[in-house]
Amino acid sequence: HGLSTCCRSQDFALNTKAMILAAVIAATRQVLSAPLRRIVGRSLALTILLLMVLWTVLTKGIDALLRAHPISADYPLINGIASFFGGAGLVVVMVFLLPPVSALVGGCFVDDAAEIVESTDIPQDPPGQPVSLWTSILSGLRFAGLALGLNLLALALIFVPVVHVAAFFVVNTYLLGRE
């Protein structure tokens, strides 16, 4: 009885590995297909556009704060140093905003990608029903909020060099797996 249980668990492990390998091969084939490359291109372009708009707004905000401060006119060197550190801080902020912004944008294209995958990999099954744009945006906002919150937790570890980098990758790997 123990031997048959052992053999069944080995068969299950082999079947699971074969299924995972088949899924990786299918996913690789799909990602390289023209329709999904178009979706990835649109998602990437929209993400970059949103990040550029966010960068511009935050840069203008920092500039306005510096110009409004009375010390800024009297000490241009201090103004330059503050501007440099403000820009460096924005780079860090943008790195941590990249995952939530890309999750928000990517959420809008999930149904398009699912339709392509369903039609090529499982054409015998009935197609899934797309969700409304509003539901898609709400789902994307929820996931973007989760991504932002987890990345802020990782950001709290910024002064612990090795742990910080590991936390950033662990958090974003987890998020990528959930998406």
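In terms of the working numbering, the sequence shown opens at residue 4 and continues consecutively.
Note that CB positions come from ideal geometry on N, CA and C, so glycine has one too.
Separation of residue j from residue i, as counted between CA atoms
{"i": "residue 161", "j": "residue 167", "result": "5 Å"}
{"i": "residue 67", "j": "residue 125", "result": "55 Å"}
{"i": "residue 5", "j": "residue 128", "result": "With a pLDDT of only 49 at residue 5, under 50, the local geometry of the prediction cannot be trusted, and the value read off the model is given with reservation. Approximately 39 Å, taken between the alpha carbons."}
{"i": "residue 174", "j": "residue 54", "result": "20 Å"}
{"i": "residue 22", "j": "residue 35", "result": "20 Å"}
{"i": "residue 72", "j": "residue 165", "result": "37 Å"}
{"i": "residue 139", "j": "residue 63", "result": "31 Å"}
{"i": "residue 110", "j": "residue 81", "result": "43 Å"}
{"i": "residue 136", "j": "residue 95", "result": "31 Å"}
Cβ-Cβ distance between residue i and residue j below 7 Å
{"i": "residue 2", "j": "residue 107", "result": "This structure does not reach residue 2, given that the chain is present from 4 up to 182, and the question cannot be answered."}
{"i": "residue 159", "j": "residue 171", "result": "no"}
{"i": "residue 193", "j": "residue 93", "result": "This structure cannot settle anything about residue 193, because the visible part of the chain is limited to 4 through 182."}
{"i": "residue 133", "j": "residue 121", "result": "no"}
{"i": "residue 24", "j": "residue 33", "result": "no"}
{"i": "residue 42", "j": "residue 88", "result": "no"}
Helix, strand or coil at residue i according to DSSP, with G and I counted as helix
{"i": "residue 115", "result": "helix"}
{"i": "residue 177", "result": "helix"}
{"i": "residue 61", "result": "helix"}
{"i": "residue 5", "result": "Caution applies to residue 5, whose pLDDT of 49 falls short of 50 and renders its modelled position unreliable; the value that the coordinates give is listed next. Helix at residue 5."}
{"i": "residue 132", "result": "coil"}
{"i": "residue 21", "result": "helix"}
Beta-carbon separation (whole angstroms), residue i vs residue j, contact threshold 8 Å
{"i": "residue 69", "j": "residue 85", "result": "6 Å"}
field: alpha helix (DSSP H) runs wholly inside the stretch 79-111, at least 4 long, in chain order
entry: For the stretch 79-111, whole alpha helix (DSSP H) runs of length 4 or above, ordered along the chain, are 79-110.
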